[in-house]
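*Asks:* Residue numbers (our numbering): -5 to 330.
A virtual CB, placed ideally from N, CA and C, is assigned to each residue, including glycine.
Quick caveat: nothing in here was measured; it's all calculated off a predicted structure.
Once you've had a glance at the structure underneath, I'll fire off some questions.
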């Protein structure tokens, strides 16, 4: 637009290449490249074909991260998703072994996850004084308890009909179907969060839910939608996980909630709400998955891998705080 001086003033601030590179997402891309180089140097088996072959068992957690990012931006948390995966996978195996058509099996898996997410959402929106961590801790215990009761004394179940699951675990060349689905959903979730009124409302609620309510934003409805969507994505994760494991047991989905949160937080999404971009979470997911595959190929102790991932997560939380303090000190020094 033209100002009084006759100059053209852009409505959109220009983004320099330097700012893009030094952004959190830009730094994550650099980290991803370094991780790939590191993994290639320690494992001769770390190449595209092998990575894509191993990716499905880790990428299921990426589905959960896409919706978990919305919950974190709300300033809330859901630690029941691992139990939802367990229950969805268990009941999926049970109905599949009963001889139901595979379309009905998929529907059951997604429906179980969606209903569990809806239960979380209904409790949290009807009883707004309850903290999400306590509510989802309770439902985590309930959902996994139901799964354990369903599994019985054996504590596990194996698929007797695997044809349908073999089909969804298929590939186009060397690229698994799950990769394409994740890419499509990642674009949808990222665009909705960054470019729509719904996404702006999520940020507004995370920044100040009271102000958002008085601004006319349907706070509780949006919370209900997000928790239900997280349940659906947990059911989807269970579907693909079952296609890899061909069964379920009482430990299925263990730690999925922490892995999804780690991906989102490492991607720059704030746990205090109102900050972060999903693009960072998507890049972080591939950073963590690549590191896990590379270290797994050299038979590193899984517990040590968790220690390394935990250290990376702490570093991801500390760096923005350190950068903020340095900026404040620089401003204070320049003011003097």
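1. Could you please give the first and the last residue of the uninterrupted beta strand (DSSP E) stretch that includes residue 150?
2. Tell me whether residue 169 sits in a helix, a strand or coil according to DSSP, three-state version.
3. What are the start and end residues of each continuous alpha helix (DSSP H) run of 4 or more residues lying completely inside the segment 175 to 246, in chain order?
4. Around the C-beta of residue 118, are 16 or more other C-beta atoms found within 10 angstroms, so that it is buried, or is it exposed?
5. Under three-state DSSP, which class holds residue 160?
6. Kindly confirm or deny that the segment 257 to 276 and the segment 140 to 155 touch, where touching means at least three C-beta pairs closer than 8 Å.
7. Just how far apart, CA to CA, sit residue 294 and residue 38?
8. Quick one, are the C-beta atoms of residue 28 and residue 262 less than 9 Å apart?
9. Would you please state the rounded distance, in angstroms, between the beta carbons of residue 52 and residue 215? I believe it to be under 8 Å.
10. Cβ of residue 226 within 9 Å of Cβ of residue 54?
11. Please confirm whether any heavy atom of the ligand FMN lies closer than 8 Å to the CB of residue 169.
12. Roughly how many angstroms lie between the CA atoms of residue 324 and residue 43, to the nearest whole one?
13. Near residue 49, what residues of its chain come up, given a Cβ to Cβ distance below 8 Å and the 5 sequence neighbours on each side ignored?
14. Assign residue 72 to one of two classes, buried (16 or more other C-beta atoms within 10 Å of its C-beta) or exposed (fewer than that).
15. Helix, strand or coil: how does DSSP classify residue 72 here?
16. Count the other C-beta atoms from every protein chain shown that fall within 10 angstroms of the C-beta of residue 134, then say buried if there are 16 or more, exposed otherwise.
17. Report the three-state DSSP secondary structure of residue 137 (helix, strand or coil).
18. Compute the Euclidean distance between the alpha carbons of residue 201 and residue 35, then round it to the nearest angstrom.
19. When we look at the beta-carbon of residue 166 and count the other beta-carbons within 10 Å, is it buried (16 or more) or exposed?
20. Look at the Cβ atom of residue 234, then the Cβ atom of residue 158, and state whether they are nearer than 9 Å.
21. Pull up the CB-CB distance for residue 87 and residue 241, whole angstroms please, since I reckon it's below 8 Å.
22. CB-CB under 8 Å to residue 45, same chain, minus the five flanking residues each way: which ones, in chain order?
23. Please classify residue 223: is it buried, with 16 or more other beta-carbons within 10 angstroms of its beta-carbon, or exposed?
24. Distance check for residue 63 and residue -3, CA to CA, integer angstroms please.
25. Hey, could you find the ends of the alpha helix (DSSP H) residue 287 is sitting in?
26. Taking the alpha-carbon positions, what's the residue 269 to residue 198 distance?
27. According to DSSP, simplified to helix, strand and coil, what is residue 324?
28. Just how far apart, CA to CA, sit residue 303 and residue 312?
29. For residue 183, which residues of its own chain have a beta-carbon under 8 Å away from its beta-carbon, when the five flanking residues on both sides are left out?
30. Considering residue 50, what are the terminal residues of the alpha helix (DSSP H) in which it resides?
*Replies:* To lay it out plainly:
1. 150 to 152
2. Secondary structure at residue 169: strand, using DSSP grouped into helix, strand and coil.
3. 191 to 201, 203 to 208 and 213 to 239
4. Result: buried.
5. helix
6. no
7. 15 Å
8. no
9. With 8 Å as the limit, residue 52 and residue 215 do not qualify as a contact, their Cβ atoms being about 33 Å apart.
10. No, the pair does not count as a contact, with Cβ atoms beyond the cut-off.
11. Looking for the ligand FMN in the displayed structure turns up nothing, as the structure carries no ligands at all.
12. 48 Å
13. 170, 172, 173, 283 and 287
14. buried
15. coil
16. buried
17. Residue state, collapsed to three classes: helix.
18. 43 Å
19. exposed
20. The answer is no: Cβ separation not under 9 Å.
21. That belief holds up - the Cβ atoms of residue 87 and residue 241 are roughly 6 Å apart, short of 8 Å.
22. Here the set comprises 284 and 287.
23. buried
24. Per-residue confidence for residue -3 stands at a pLDDT of 49, beneath the threshold of 50, marking its modelled position as unreliable; no derived number is given.
25. 272 to 291
26. 10 Å
27. helix
28. 14 Å
29. 60, 61, 63, 64 and 272
30. 50 to 67
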